[in-house]
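Visitor:
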Amino acid sequence: MYETLALVGATGAVGRIVLEQLAERELPIKRLKLLASERSVGKEVHFRGETLKVELLEPSAFNHIDLVIASTPDEVSAEFAPWAVKAGAVVVDESGYWRMDPTVPLIVPEVNPEAVDNHQGIIASPNCSTTQMVVALAPLHRAARVRRVVVSTYQATSGAGLAGNEELNHSVRSALVGQTHPPKTFQHPIGFNLIPQIGSEKHEGYTSEEMKMVYETRKILGDEDIQVCPTCVRVPVSTGHSESILVETETPLSLEEAKELLRQGEGITIVDDLPGGKYPMPRDCNGKDDVFIGRIRKDISGGNGITFWCVSDNLRKGAATNAVQIAELLIKRSATKTA
Numbered sequence: 001m002y003e004t005l006a007l008v009g010a011t012g013a014v015g016r017i018v019l020e021q022l023a024e025r026e027l028p029i030k031r032l033k034l035l036a037s038e039r040s041v042g043k044e045v046h047f048r049g050e051t052l053k054v055e056l057l058e059p060s061a062f063n064h065i066d067l068v069i070a071s072t073p074d075e076v077s078a079e080f081a082p083w084a085v086k087a088g089a090v091v092v093d094e095s096g097y098w099r100m101d102p103t104v105p106l107i108v109p110e111v112n113p114e115a116v117d118n119h120q121g122i123i124a125s126p127n128c129s130t131t132q133m134v135v136a137l138a139p140l141h142r143a144a145r146v147r148r149v150v151v152s153t154y155q156a157t158s159g160a161g162l163a164g165n166e167e168l169n170h171s172v173r174s175a176l177v178g179q180t181h182p183p184k185t186f187q188h189p190i191g192f193n194l195i196p197q198i199g200s201e202k203h204e205g206y207t208s209e210e211m212k213m214v215y216e217t218r219k220i221l222g223d224e225d226i227q228v229c230p231t232c233v234r235v236p237v238s239t240g241h242s243e244s245i246l247v248e249t250e251t252p253l254s255l256e257e258a259k260e261l262l263r264q265g266e267g268i269t270i271v272d273d274l275p276g277g278k279y280p281m282p283r284d285c286n287g288k289d290d291v292f293i294g295r296i297r298k299d300i301s302g303g304n305g306i307t308f309w310c311v312s313d314n315l316r317k318g319a320a321t322n323a324v325q326i327a328e329l330l331i332k333r334s335a336t337k338t339a
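Numbering-wise (the UniProt record's numbering), the sequence shown opens with residue 1 and increments by one.
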């Protein structure tokens with residue numbers, strides 16, 4: 001049973017939403033411990049009518065803890081996750097460090113819930129841009145097998161954490177008065193700008209963010225033959241990643257078949273009325289947990305192609321919500337086994 005939970009990175013942008021989700025979704029947790037780096041120790045956080053103090057992230061902090069949800073930089077996760085597993089806890093990790101480890105399942109509950117049973121103490125949650133895409137791909141893949149994906153992302157500044165949104169605000173204000181705010185978080189000023197680079201150069205001109213989408217998509221969908229061609233772009237939007245996706249399937253799908261598959265897909269909301277000017281936009285999807293899809297069309301250039309527009313709150317389904325859903329999945333499957 002999972003009755004005690006530790007939240008690592010409790011004071012960060014994703015950690016705060018995890019706390020909201022834990023309260024809203026009423027997980028049956030009897031004790032919650034908040035952990036963070038030394039600079040956050042002692043901060044007070046309100047949860048379910050209680051005031052909790054943030055404690056230091058150290059090996060002994062995981063004694064008598066059943067479950068851990070963590071949102072930290074990769075290097076922090078690499079160090080602390082083995083501590084937690086050694087103490088007997090299961091770690092749901094938001095960092096990128098464990099995602100491609102062959103011993104660690106990479107989970108999106110709407111897509112591959114069965115893979116969670118293969119964990120050896122650590123379960124990874126995918127990159128935010130990958131998460132929303134595979135939620136959209138999954139019903140198409142089950143019905144007609146996805147062969148190729150061409151995706152362009154339009155990613156919010158909050159994907160770079162609190163510092164990303166702070167830089168957006170400073171950059172926009174500076175641009176409005178004819179000045180340039182020196183960028184620190186991004187490669188170039190983000191105010192009224194698009195930056196076609198997220199992450200470092202990684203493989204044949206593709207960035208680390210783009211290659212995450214390639215490798216993670218294959219792992220989650222369980223198909224190494226899926227070809228993914230991604231271009232990831234940072235845009236001056238505070239919250240909500242958008243993606244233009246072209247999917248080619250092995251078996252042809254009519255437009256109506258594709259729409260119905262997406263409409264029935266778990267965790268998907270369709271907003272698709274071009275004449276009425278209705279389609280997903282980041283400002284309308286903020287604070288919501290679903291993946292929103294619109295502009296669904298056949299690929300008029302030929303082949304077995306379906307193309308659509310996909311938007312999701314990157315701090316929620318792209319991060320916090322997915323982690324909490326994994327925790328719910330663990331609790332549910334544990335209860336089934338002990339029943």
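Note that beta-carbon positions come from the ideal geometry of N, C-alpha and C, so glycine has one too.
Values in this document were obtained by computation on a predicted structure and should not be read as measured data.
If you count every other CB in all the chains shown that lies within 10 Å of the CB of S60, and 16 or more means buried, which is it?
Guide: exposed
Visitor: Alpha carbons only, please: which of E260, C310, H119, L19 is nearest the one belonging to T51?
Guide: L19
Visitor: Just the Cα atoms here: how many angstroms apart are E201 and D74?
Guide: 18 Å
Visitor: Taking the alpha-carbon positions, what's the D290 to V311 distance?
Guide: In this model, D290 and V311 are separated by some 9 Å (Cα to Cα).
Visitor: Give, in chain order, every unbroken run of the beta strand (DSSP E) that is at least 3 residues long and sits entirely within the region 143-207.
Guide: 146-155, 201-203
Visitor: Of the residues A89, R142, R316, R263, which one's Cα is nearest the Cα of T251?
Guide: Of the candidates A89, R142, R316, R263, the one whose C-alpha sits nearest the C-alpha of T251 is R142.
Visitor: For R263, does the three-state DSSP call read helix, strand or coil?
Guide: Residue state, collapsed to three classes: helix.
Visitor: DSSP on R48, reduced to helix/strand/coil?
Guide: Here R48 sits in coil by DSSP.
Visitor: Run through the DSSP bridge pairs and tell me what S244 is partnered with.
Guide: Bridge pairing for S244: S152, W309 [DSSP].
Visitor: Which class does P275 belong to by DSSP, given the choice of helix, strand or coil?
Guide: In this structure, P275 counts as coil in the three-state DSSP scheme.
Visitor: For the beta strand (DSSP E) that contains A70, what are its first and last residues?
Guide: 67-70
Visitor: If I follow the unbroken alpha helix (DSSP H) through F62, where does it start and stop?
Guide: First-last for F62: undefined, no H or E at that position.
Visitor: So who's on the other strand from K298, going by DSSP bridges?
Guide: I306
Visitor: Distance, Cα to Cα, Y97 vs G277?
Guide: 41 Å
Visitor: Excluding five sequence neighbours on each side, which residues of the same chain lie with their C-beta closer than 7 Å to the C-beta of E216?
Guide: In the same chain as E216, and ignoring 5 residues on each side of it, the C-beta atoms closer than 7 Å to its own belong to R99, L106, P126, N127, T130, in chain order.
Visitor: Quick check on the DSSP output: the beta strand (DSSP E) that includes K33 runs from which residue to which?
Guide: 31-36
Visitor: Going by DSSP in three states, Q227 sits in which element: helix, strand or coil?
Guide: strand
Visitor: Is the CB-CB distance between S171 and P189 below 7 Å?
Guide: yes
Visitor: Would you report the Cα separation of M211 and T153, rounded to the nearest angstrom?
Guide: 13 Å
Visitor: If you run the structure through DSSP and keep just helix, strand and coil, what is E55?
Guide: The three-state reading of DSSP puts E55 in strand, counting E and B together.
Visitor: Need the endpoints of the alpha helix (DSSP H) that N17 sits in, please.
Guide: In the sequence under discussion, the amino acid at residue 17 is Ile, which differs from the Asn named in the question. Looking at the DSSP string, the run of the alpha helix (DSSP H) that includes I17 is 13-24.
Visitor: What are the boundary residues of the beta strand (DSSP E) that V76 is part of?
Guide: No beta strand (DSSP E) holds V76; the alpha helix (DSSP H) holding it covers 74-86.
Visitor: Measure the C-alpha to C-alpha separation of residue 341 and R333 and round it to an integer number of angstroms.
Guide: Outside the displayed span of the chain (1 to 339) sits residue 341, for which this structure offers no information.
Visitor: How many Å lie between S158 and R148 at the Cα?
Guide: The alpha-carbon atoms of S158 and R148 are separated by roughly 29 Å.
Visitor: Which same chain residues end up closer than 8 Å to E224 when comparing Cβ atoms and leaving out the 5 residues on each side of it in sequence?
Guide: R218
Visitor: In whole angstroms, what is the alpha-carbon distance linking N112 and L221?
Guide: 7 Å
Visitor: Take D284 as the anchor and find which of E166, A323, P275, I270 has the nearest alpha-carbon.
Guide: I270
Visitor: Take F47 and list the residues in its own chain whose beta-carbon comes closer than 7 Å to its own, dropping the five residues that flank it on each side.
Guide: L19, A23, L32
Visitor: If you compare alpha carbons, which of R16, E204, L176, Q155 is closest to L194?
Guide: Q155
Visitor: State yes or no: is the C-beta of A81 within less than 7 Å of the C-beta of I123?
Guide: no
Visitor: For the candidate residues Q197, G178, Q179, whose alpha-carbon lies nearest to that of Q187?
Guide: Q197
Visitor: Quick one, are the C-beta atoms of N169 and E248 less than 7 Å apart?
Guide: no
Visitor: Can you tell which of N118, A175, A319 has its C-alpha closest to the C-alpha of V104?
Guide: Of the residues N118, A175, A319, the one whose Cα lies closest to the Cα of V104 is N118.
Visitor: Can you have a look at P275 and say buried or exposed, based on whether 16 or more other CB atoms are within 10 angstroms of its CB?
Guide: exposed
Visitor: Alpha carbon to alpha carbon, how far is G265 from M213?
Guide: 20 Å
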